[in-house]
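Converting from the sequence shown to the working numbering requires adding 1289 to each position, the first position being numbered 1. Right, one structure below, let's go through it.
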Amino acid sequence: MQHIVEELIQTLKLLVTPRRLRHIYSCCNFARKLAKLHRVDEQKVTVACLAHDAFRDVPASKLLKIARAYGIEPNEMELAHPVLLHGKVAAEYLKRRFKIEDQEILEAVSAHTSGKPYMSEIAKIVFLADSLEETRVYEGVEDLRKLAEQDLDEAVIQTLRNKICYAVKKEYLLFPQTVEMWNWLLWNKRPRPLTVNDQDGVEGG
1290 MQHIVEELIQ TLKLLVTPRR LRHIYSCCNF ARKLAKLHRV DEQKVTVACL
1340 AHDAFRDVPA SKLLKIARAY GIEPNEMELA HPVLLHGKVA AEYLKRRFKI
1390 EDQEILEAVS AHTSGKPYMS EIAKIVFLAD SLEETRVYEG VEDLRKLAEQ
1440 DLDEAVIQTL RNKICYAVKK EYLLFPQTVE MWNWLLWNKR PRPLTVNDQD
1490 GVEGG
(Lines of atoms letter the chains of each structure in order from A and count residues from 1; the text may use other names and numbers.)
(Lines give C-alpha, C1' and ligand atoms only; values in the text may rest on other atoms or scores of the structure.)
Protein backbone atom coordinates (compact mmCIF):
# COMPACT_ATOMS: atom_id res chain seq x y z
CA MET A 1 0.00 0.00 0.00
CA GLN A 2 3.04 2.25 0.25
CA HIS A 3 2.99 2.96 -3.49
CA ILE A 4 -0.58 4.25 -3.12
CA VAL A 5 0.53 6.57 -0.32
CA GLU A 6 3.40 7.91 -2.41
CA GLU A 7 1.25 8.53 -5.48
CA LEU A 8 -1.50 10.16 -3.42
CA ILE A 9 1.01 12.60 -1.95
CA GLN A 10 2.15 13.61 -5.44
CA THR A 11 -1.46 13.94 -6.61
CA LEU A 12 -2.37 16.12 -3.63
CA LYS A 13 0.40 18.56 -4.50
CA LEU A 14 -1.35 19.15 -7.82
CA LEU A 15 -4.94 19.26 -6.57
CA VAL A 16 -5.02 21.14 -3.28
CA THR A 17 -3.79 24.43 -1.85
CA PRO A 18 -0.76 24.54 0.47
CA ARG A 19 -3.10 25.27 3.38
CA ARG A 20 -5.23 22.24 2.57
CA LEU A 21 -2.13 20.09 2.22
CA ARG A 22 -0.99 21.10 5.72
CA HIS A 23 -4.41 20.11 7.04
CA ILE A 24 -4.25 16.73 5.30
CA TYR A 25 -0.76 15.97 6.60
CA SER A 26 -1.81 17.01 10.08
CA CYS A 27 -4.87 14.75 9.81
CA CYS A 28 -2.61 11.86 8.90
CA ASN A 29 -0.34 12.47 11.87
CA PHE A 30 -3.17 12.59 14.40
CA ALA A 31 -5.03 9.70 12.77
CA ARG A 32 -1.96 7.46 12.86
CA LYS A 33 -1.54 8.29 16.53
CA LEU A 34 -5.14 7.27 17.21
CA ALA A 35 -4.78 4.15 15.08
CA LYS A 36 -1.76 3.05 17.08
CA LEU A 37 -3.48 3.72 20.41
CA HIS A 38 -6.66 1.89 19.40
CA ARG A 39 -4.94 -0.89 17.44
CA VAL A 40 -6.43 0.02 14.07
CA ASP A 41 -4.67 -0.57 10.73
CA GLU A 42 -2.35 2.43 10.27
CA GLN A 43 -1.87 1.95 6.53
CA LYS A 44 -5.60 1.99 5.84
CA VAL A 45 -6.01 5.06 8.04
CA THR A 46 -3.17 6.82 6.21
CA VAL A 47 -4.62 6.15 2.75
CA ALA A 48 -8.08 7.32 3.86
CA CYS A 49 -6.70 10.49 5.46
CA LEU A 50 -4.60 11.39 2.45
CA ALA A 51 -7.57 10.95 0.13
CA HIS A 52 -10.34 12.51 2.21
CA ASP A 53 -9.85 16.12 1.03
CA ALA A 54 -8.10 15.42 -2.29
CA PHE A 55 -10.95 17.03 -4.25
CA ARG A 56 -11.89 19.68 -1.67
CA ASP A 57 -10.39 22.55 -3.67
CA VAL A 58 -11.68 21.50 -7.08
CA PRO A 59 -14.06 24.18 -8.49
CA ALA A 60 -17.76 23.40 -8.04
CA SER A 61 -18.62 23.04 -11.72
CA LYS A 62 -15.68 20.70 -12.32
CA LEU A 63 -16.50 18.66 -9.22
CA LEU A 64 -20.05 18.14 -10.50
CA LYS A 65 -18.70 16.97 -13.85
CA ILE A 66 -16.31 14.53 -12.23
CA ALA A 67 -19.04 13.19 -9.96
CA ARG A 68 -21.37 12.54 -12.87
CA ALA A 69 -18.56 10.97 -14.90
CA TYR A 70 -18.02 8.64 -11.94
CA GLY A 71 -21.71 7.71 -11.90
CA ILE A 72 -22.46 9.67 -8.74
CA GLU A 73 -25.91 11.23 -8.90
CA PRO A 74 -25.93 14.40 -6.75
CA ASN A 75 -28.83 14.93 -4.39
CA GLU A 76 -30.57 18.27 -3.93
CA MET A 77 -28.13 19.50 -1.27
CA GLU A 78 -25.13 18.47 -3.35
CA LEU A 79 -26.47 20.20 -6.44
CA ALA A 80 -26.86 23.41 -4.45
CA HIS A 81 -23.44 22.99 -2.78
CA PRO A 82 -21.23 20.77 -4.97
CA VAL A 83 -18.36 20.94 -2.46
CA LEU A 84 -20.35 18.38 -0.47
CA LEU A 85 -19.45 15.84 -3.15
CA HIS A 86 -15.72 15.92 -2.49
CA GLY A 87 -15.72 12.89 -0.19
CA LYS A 88 -17.77 10.71 -2.52
CA VAL A 89 -15.64 11.72 -5.49
CA ALA A 90 -12.43 10.96 -3.59
CA ALA A 91 -13.69 7.51 -2.62
CA GLU A 92 -14.62 6.73 -6.21
CA TYR A 93 -11.21 7.98 -7.34
CA LEU A 94 -9.54 5.48 -5.00
CA LYS A 95 -11.62 2.68 -6.49
CA ARG A 96 -10.87 3.61 -10.08
CA ARG A 97 -7.24 4.70 -9.83
CA PHE A 98 -5.93 2.19 -7.30
CA LYS A 99 -8.53 -0.61 -7.51
CA ILE A 100 -9.25 -0.20 -3.80
CA GLU A 101 -12.29 -2.21 -2.79
CA ASP A 102 -11.79 -2.10 0.97
CA GLN A 103 -15.11 -0.77 2.23
CA GLU A 104 -13.61 0.57 5.46
CA ILE A 105 -11.28 2.86 3.53
CA LEU A 106 -13.92 3.93 1.02
CA GLU A 107 -16.52 4.58 3.73
CA ALA A 108 -14.05 6.63 5.78
CA VAL A 109 -13.33 8.87 2.80
CA SER A 110 -16.89 9.16 1.51
CA ALA A 111 -18.50 9.92 4.87
CA HIS A 112 -15.81 11.98 6.59
CA THR A 113 -17.88 15.19 6.46
CA SER A 114 -21.40 13.97 7.10
CA GLY A 115 -20.67 10.84 9.08
CA LYS A 116 -23.03 7.87 8.92
CA PRO A 117 -24.45 5.15 11.15
CA TYR A 118 -22.43 1.98 11.67
CA MET A 119 -19.07 3.65 11.07
CA SER A 120 -15.99 1.44 11.18
CA GLU A 121 -13.12 2.24 13.53
CA ILE A 122 -11.17 3.59 10.54
CA ALA A 123 -14.06 5.89 9.60
CA LYS A 124 -14.34 7.14 13.19
CA ILE A 125 -10.63 7.95 13.28
CA VAL A 126 -10.72 9.85 9.97
CA PHE A 127 -13.85 11.72 11.08
CA LEU A 128 -12.14 12.73 14.33
CA ALA A 129 -8.80 13.59 12.75
CA ASP A 130 -10.51 15.92 10.29
CA SER A 131 -11.92 17.97 13.18
CA LEU A 132 -9.23 17.56 15.82
CA GLU A 133 -5.87 17.70 14.01
CA GLU A 134 -3.37 20.20 15.37
CA THR A 135 -4.09 23.07 12.95
CA ARG A 136 -7.68 23.21 14.26
CA VAL A 137 -8.03 25.86 16.93
CA TYR A 138 -11.29 26.29 18.84
CA GLU A 139 -12.55 26.10 22.40
CA GLY A 140 -12.42 22.59 23.80
CA VAL A 141 -10.41 21.02 20.98
CA GLU A 142 -7.56 19.95 23.25
CA ASP A 143 -9.97 18.15 25.57
CA LEU A 144 -11.50 16.38 22.58
CA ARG A 145 -8.06 15.28 21.39
CA LYS A 146 -7.35 13.73 24.78
CA LEU A 147 -10.78 12.10 24.80
CA ALA A 148 -10.16 10.63 21.34
CA GLU A 149 -6.99 9.00 22.62
CA GLN A 150 -8.99 7.29 25.37
CA ASP A 151 -12.45 6.58 23.91
CA LEU A 152 -13.18 6.81 20.19
CA ASP A 153 -16.94 6.47 20.50
CA GLU A 154 -17.33 9.14 23.16
CA ALA A 155 -15.04 11.47 21.21
CA VAL A 156 -17.15 10.94 18.08
CA ILE A 157 -20.33 11.72 20.04
CA GLN A 158 -18.90 14.93 21.50
CA THR A 159 -17.34 16.05 18.20
CA LEU A 160 -20.56 15.39 16.33
CA ARG A 161 -22.51 17.24 19.03
CA ASN A 162 -20.30 20.29 18.46
CA LYS A 163 -20.85 20.11 14.71
CA ILE A 164 -24.63 19.84 15.08
CA CYS A 165 -24.82 22.67 17.65
CA TYR A 166 -22.73 24.90 15.40
CA ALA A 167 -24.90 24.12 12.37
CA VAL A 168 -28.11 24.82 14.31
CA LYS A 169 -26.71 28.08 15.69
CA LYS A 170 -25.76 29.23 12.18
CA GLU A 171 -29.01 27.88 10.71
CA TYR A 172 -27.12 25.60 8.34
CA LEU A 173 -28.69 22.53 6.80
CA LEU A 174 -27.83 19.18 8.37
CA PHE A 175 -27.01 16.11 6.33
CA PRO A 176 -29.66 13.40 6.84
CA GLN A 177 -26.74 11.01 7.45
CA THR A 178 -25.49 13.25 10.26
CA VAL A 179 -28.83 13.04 12.06
CA GLU A 180 -28.93 9.28 11.50
CA MET A 181 -25.40 8.98 12.87
CA TRP A 182 -26.29 10.99 15.98
CA ASN A 183 -29.32 8.83 16.71
CA TRP A 184 -27.37 5.63 16.06
CA LEU A 185 -24.53 6.66 18.35
CA LEU A 186 -26.83 7.56 21.23
CA TRP A 187 -28.98 4.48 20.76
CA ASN A 188 -25.97 2.19 20.83
CA LYS A 189 -23.62 4.02 23.19
CA ARG A 190 -25.97 5.32 25.88
CA PRO A 191 -27.87 3.21 28.46
CA ARG A 192 -31.26 4.66 27.55
CA PRO A 193 -31.22 7.68 25.25
CA LEU A 194 -34.19 10.02 25.49
CA THR A 195 -36.33 11.09 22.57
CA VAL A 196 -38.25 14.31 22.03
CA ASN A 197 -41.37 12.45 23.17
CA ASP A 198 -39.98 11.67 26.61
CA GLN A 199 -41.75 13.92 29.11
CA ASP A 200 -38.61 14.19 31.22
CA GLY A 201 -36.37 14.71 28.20
CA VAL A 202 -37.72 17.99 26.90
CA GLU A 203 -38.05 21.16 28.91
CA GLY A 204 -41.67 22.17 29.11
CA GLY A 205 -42.80 18.80 27.71
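Beta carbons are placed, not taken as given, at the ideal position from N, Cα and C, and that holds for glycine.
Residue i, DSSP secondary structure in three states
i, result
"Arg1345", "coil"
"Pro1406", "coil"
"Asp1330", "coil"
"Cys1411", "The sequence given here has Ile at residue 1411, not Cys. DSSP places Ile1411 in helix when its eight states are reduced to three."
"Gly1493", "The predicted model places Gly1493 with a pLDDT of 41, which falls under 50 and marks its position as unreliable; any figure quoted below should be read in that light. Three-state result, Gly1493: coil."
"Glu1428", "coil"
"Arg1479", "coil"
"Ile1394", "helix"
"Ala1358", "helix"
"Ala1400", "coil"
"Glu1423", "coil"
"Asp1442", "helix"
"Leu1474", "helix"
N-terminal and C-terminal residue of the alpha helix (DSSP H) that residue i is part of
i, result
"His1312", "Pro1307 to Leu1326"
"Thr1300", "Gln1291 to Leu1304"
"His1375", "His1375 to Phe1387"
"Leu1462", "Note, Leu1462: premise wrong, no alpha helix (DSSP H); not H, not E."
"Glu1362", "Neither: Glu1362 is in no alpha helix (DSSP H) and is coded neither H nor E."
Beta carbon of residue i nearer than 8 Å to that of residue j
i, j, result
"Val1305", "Ile1293", "no"
"Ala1421", "Ala1437", "It should be noted that the sequence gives Leu, not Ala, for residue 1421. Yes, Cβ-Cβ distance for Leu1421 and Ala1437 is below 8 Å."
"Lys1478", "Asp1442", "yes"
"Ala1337", "Ile1298", "no"
"Thr1467", "Ser1403", "yes"
"Arg1311", "Thr1424", "yes"
"Asp1330", "Ile1411", "yes"
"Asp1391", "Lys1325", "no"
"Lys1413", "Val1445", "yes"
Neighbourhood of residue i by C-beta distance below 6 Å, restricted to the same chain and skipping five residues each side
i, result
"His1375", "Phe1344 and Arg1345"
"Ile1355", "Val1378"
"Glu1469", "Pro1406"
"Phe1387", "Ile1293"
Chain-order list of residues whose beta-carbon lies under 8 Å from that of residue i (same chain, five-residue window excluded)
i, result
"His1341", "Ile1313, Cys1316, Gly1376, Ala1379, Ala1397, Val1398, His1401, Val1415 and Asp1419"
"Leu1339", "Val1294, Leu1297, Ile1298, Leu1301, Ile1313 and Cys1317"
"Arg1385", "Tyr1359"
"Tyr1382", "Ala1340, Ala1343, Phe1344 and Tyr1359"
"Tyr1407", "Trp1473"
"Met1366", "Leu1373, Leu1462 and Phe1464"
"Leu1352", "Phe1344, Pro1371, Val1372, Leu1374, His1375 and Val1378"
Sequence-distant residues of its chain with Cβ nearer than 7 Å to residue i (five each side left out)
i, result
"Ala1349", "Pro1371 and Val1372"
Integer-rounded CB distance, given that residue j should sit under 8 Å from residue i
i, j, result
"Ile1453", "Trp1473", "Actually they are not in contact, since the Cβ atoms of Ile1453 and Trp1473 sit about 14 Å apart, beyond 8 Å."
"His1417", "Leu1323", "Per the sequence presented here, residue 1417 reads as Leu, with His not at that position. Yes, they are in contact, since the Cβ atoms of Leu1417 and Leu1323 sit about 7 Å apart, within 8 Å."
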